[in-house]
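Engineer:
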Amino acid sequence: MYSNECPVCPECPACPQQSTLLALAEMFIGIFRDWQTGEVLVRGFMLGFGLKMMAFLFFNNSDDVDVQLANCPKYARLSVFAGMALSTLMLGSSFFLPTGFRAHWFEA
514 MYSNECPVCP ECPACPQQST LLALAEMFIG IFRDWQTGEV LVRGFMLGFG LKMMAFLFFN
574 NSDDVDVQLA NCPKYARLSV FAGMALSTLM LGSSFFLPTG FRAHWFEA
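With our numbering applied, the sequence shown closes on residue 621, and no number is skipped along the way.
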């Protein structure tokens with residue numbers, strides 16, 4: 514019947530329960546946004562790394578296995594750089610290009 518809470522009005526600040534729920538909602542939205550950014554970076558890195566490594570493995574002109582094994586650390590480093598480059602390109606383009614335009618880039 515009788516409550517110690519005042520009625521909701523524009524002059525009163527929000528009650529602590531509402532502000533706690535709002536803070537939790539903002540935290541989960543921030544985590545979700547950070548997760549999406551991390552997912553774009555990981556996806557771009559794997560795509561760039563895989564494409565460059567496939568180019569080294571399948572389109573290499575050297576038939577000598579010893580030469581290919583000797584160059585393997587160099588190929589891995591170049592593939593890592595290609596992965597980082599593509600991931601930063603994908604993340605940077607997400608700031609400037611609309612989602613509808615980017616959605617068709619990697620479709621078959």
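Glycine included, C-beta positions come from ideal geometry on N, C-alpha and C.
1) Taking the alpha-carbon of Met-559 as reference, which of Pro-611, Phe-609, Gly-543, Met-597 has the nearest alpha-carbon?
2) Measure the alpha-carbon distance for Leu-570 versus Phe-562 and round it to whole angstroms.
3) How would you call Ala-595, buried or exposed, if buried means at least 16 neighbouring beta carbons within 10 angstroms?
4) Which residues mark the beginning and the end of the alpha helix (DSSP H) in which Pro-586 is found?
5) Given this structure, state the Cα-to-Cα distance separating Lys-587 from Gln-549, to the nearest angstrom.
6) Under a Cβ-count criterion, where at least 16 other Cβ atoms within 10 Å of its own Cβ denotes burial, should Gly-557 be classed as buried or exposed?
7) Could you give the C-beta distance for Leu-554 and Leu-604, rounded to a whole number, given that I count them as a contact under 8 Å?
8) Which same chain residues end up closer than 7 Å to Ala-575 when comparing Cβ atoms and leaving out the 5 residues on each side of it in sequence?
9) For Ser-607, which of Leu-537, Gly-543, Ala-589, Gly-551 has the nearest alpha-carbon?
10) Just verifying my parser: in three-state terms, what is the DSSP assignment at Phe-569?
Structural biologist: Per the coordinate set shown:
1) Taking the sequence shown and counting its residues from 1, the one referred to as residue 559 is at position 46. That would be Met-597, whose Cα lies nearest to the Cα of Met-559.
2) Along the sequence shown, read from residue 1 onward, the residue named residue 570 stands at position 57. Along the sequence shown, read from residue 1 onward, the residue named residue 562 stands at position 49. Answer to the nearest angstrom: the Cα atoms are 12 Å apart.
3) Position 82 of the sequence shown, counted from the start, is the residue given in the question as residue 595. It counts as buried.
4) Numbered from its first residue, the sequence shown carries residue 586 at position 73. It spans 585-609 - the alpha helix (DSSP H) in which Pro-586 sits, taken as one unbroken run.
5) Position 74 of the sequence shown, counted from the start, is the residue given in the question as residue 587. Position 36 of the sequence shown, counted from the start, is the residue given in the question as residue 549. Answer to the nearest angstrom: the Cα atoms are 31 Å apart.
6) Counting from 1 along the sequence shown, the entry for residue 557 is found at position 44. So Gly-557 counts as buried.
7) If you number the sequence shown from 1, residue 554 lands on position 41. If you number the sequence shown from 1, residue 604 lands on position 91. At roughly 6 Å, the Cβ-Cβ gap stays under 8 Å, so Leu-554 and Leu-604 are in contact.
8) Working through the sequence shown from its first residue, we reach residue 575 at position 62. Here residue 575 is Ser; the residue named in the question, Ala, does not match the sequence. Cβ neighbours of Ser-575 beyond the five flanking positions: Gln-581.
9) Start at 1 with the first residue of the sequence shown, and residue 607 comes out as number 94. Here the closest residue by C-alpha is Gly-551.
10) For the purposes of this step, residue 569 is identified with residue 56 of the sequence shown, where counting begins at 1. Note: Phe-569 maps to helix in three-state DSSP.
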